[in-house]
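Numbering (my numbering), first residue to last: 984 to 1363.
Built from N, CA and C at the ideal position, the CB exists for glycine as well.
On a predicted model such as this, the values are computed, not experimentally measured, just so you know.
Below is one structure, written out as structure tokens; comments come after it.
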Amino acid sequence: EGNFVKEYFNILAVEPLLLDGTDSFVGLYTGCLDWDTSIYCWDWNVLDANVASAFPNGPMPDTISILAGFYGRGVARGYVNAQPLGGSTSYIAMHELGHSHANLGDEYITSDDRGFDMSIYADSSPNTTTINDPYSVKWSHWIQDKTNVPGYTSGASNNGVGLFLGTYYSSDASWRPEDYNVMYGGDYNGSWGVPENFISQYGPINSEAFVIQTIANQCFKQYDNYDNCPNVWSSIYLVSGDGVETQIDNLQQGGSYNAIKYELDVEFNTSNIELNWYINGVVQENLKNQTTVSFTKPEDGGVMEYSYKAIDTQGFITAPDNILLDSDNYEGFFNSEYYWNTSIDWSGSYQTNPTNKSDYAIGYIDGTTGGTIGINWSNL
984 EGNFVKEYFN ILAVEPLLLD GTDSFVGLYT GCLDWDTSIY CWDWNVLDAN VASAFPNGPM
1044 PDTISILAGF YGRGVARGYV NAQPLGGSTS YIAMHELGHS HANLGDEYIT SDDRGFDMSI
1104 YADSSPNTTT INDPYSVKWS HWIQDKTNVP GYTSGASNNG VGLFLGTYYS SDASWRPEDY
1164 NVMYGGDYNG SWGVPENFIS QYGPINSEAF VIQTIANQCF KQYDNYDNCP NVWSSIYLVS
1224 GDGVETQIDN LQQGGSYNAI KYELDVEFNT SNIELNWYIN GVVQENLKNQ TTVSFTKPED
1284 GGVMEYSYKA IDTQGFITAP DNILLDSDNY EGFFNSEYYW NTSIDWSGSY QTNPTNKSDY
1344 AIGYIDGTTG GTIGINWSNL
């Protein structure tokens, strides 16, 4: 399944030379968690310092996978994951990368006792849910027959995408999309480390999430990009009649703005990604794949919505994703909400998805692989 990330990643292997062979290059150890003392932990200060020394000229890695030379349980924390070297390494690495890169949840059922109710996280990933309605579940677009759902409808096959009871977060009140895939990773007892128990495929939902995050990480996010990427937000300006450009964070009431300008600092392969621009949700065909774009204030003023979105041209992303909705793509997992402010300088009150946008001055959605800026040109 590596073809869909071709040209999106540089994978670098770092193998440090240790003088005595006893110290961990990344400060790796076990025993830091009472509920499972075999889970890997690391000293962030040691890790950060030595990774920085390994990449003195940058850029720093976006995701780090640690391959450990001693036994432990694989784990992911943010952009860093760790797993043991052994016969199962490739499968565990895929699983942990699913966490670190694609924000995927654990689909296996566990006996772990963390001391609190894990069910609060059952809706916090693209591939786990508390909703068991095949018509409204976040991966509904992958369920072929809503009346004969694998794992859910009596007598239905267990093959394919459906609704299967039980995840890490609850064995009886959460659901996963498939019977097995690499985010399940073990048998029904949650055992790890036996290669024949692993299915070395992410499956369609997890693959889609992986590709979504992969494209977003090419610096297409409007906000909250990786450290190596500039935020598109910093490259959005309103332009006054005399040509003065004001960055969107520094707008002033009465600024006489008559255009919005984008200058995206992105590089991409147009055979894999297509950059589209929209006015009020309508694609502007003449602006396709342009990175510097301006839109002029309409003569009548009023509310206008300007958007950009990076599109997967290979067909891996099939989830509905209306650029003006904040809740349709995996229940809005990859989006922010649609926030509007009563003042162009962002000093007023905020409202999410207001019924009447004309009561507001400016708004935004940080989208899945793009973003939207709403402007009420009559209220500046």
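- Phe1203 and Pro1160 have their C-alpha atoms spaced approximately 28 Å apart.
- DSSP places Asn1259 in the strand class (E or B) of the three-state scheme.
- Thr1351 is classed as buried because its beta carbon has at least 16 other beta carbons within 10 Å across all chains shown.
- Annotation for Gln1334: no alpha helix (DSSP H) segment contains it, though the beta strand (DSSP E) segment containing it runs Tyr1333 to Thr1335.
- Distance check between Asp1225 and each of Gly1168, Asn1241 and Leu1234 places Asn1241 closest, using alpha-carbon atoms only.
- Counting C-beta pairs with one atom in each stretch, the region 1133-1145 and the region 1329-1347 have fewer than three that are closer than 8 Å, which means they do not touch.
- In the structure shown, the three-state DSSP call for Pro1187 is helix.
- DSSP lists Gly1357 as the beta-bridge partner residues of Glu1288.
- The beta carbon of Asp1248 is closer than 7 Å to those of Cys1202, Pro1213 and Ser1218 in its chain, skipping five residues each way along the sequence.
- The Cβ neighbour count for Ile1103, taken over all protein chains shown within 10 Å, is under 16; the residue is labelled exposed.
- Three or more pairs of CB atoms, one per stretch, sit closer than 8 Å, so the region 1076-1088 contacts the region 1109-1128.
- In the DSSP secondary-structure assignment, Lys1244 is bridged to Tyr1220 and Ser1277.
- Under a 10 Å Cβ-count criterion, Met1043 is classified as exposed, with fewer than 16 other Cβ atoms of the shown protein chains found around its own Cβ.
- Burial check for Ile1198: the Cβ neighbour count within 10 Å reaches 16 or more, so the residue is buried.
- Spanning the alpha carbons of Pro999 and Ser1007 requires a straight line of approximately 9 Å.
- In this structure, the beta-carbon distance from Tyr1245 to Val1215 falls below 9 Å.
- For Asn1064, DSSP records a beta bridge to Ser1048 and Ala1059.
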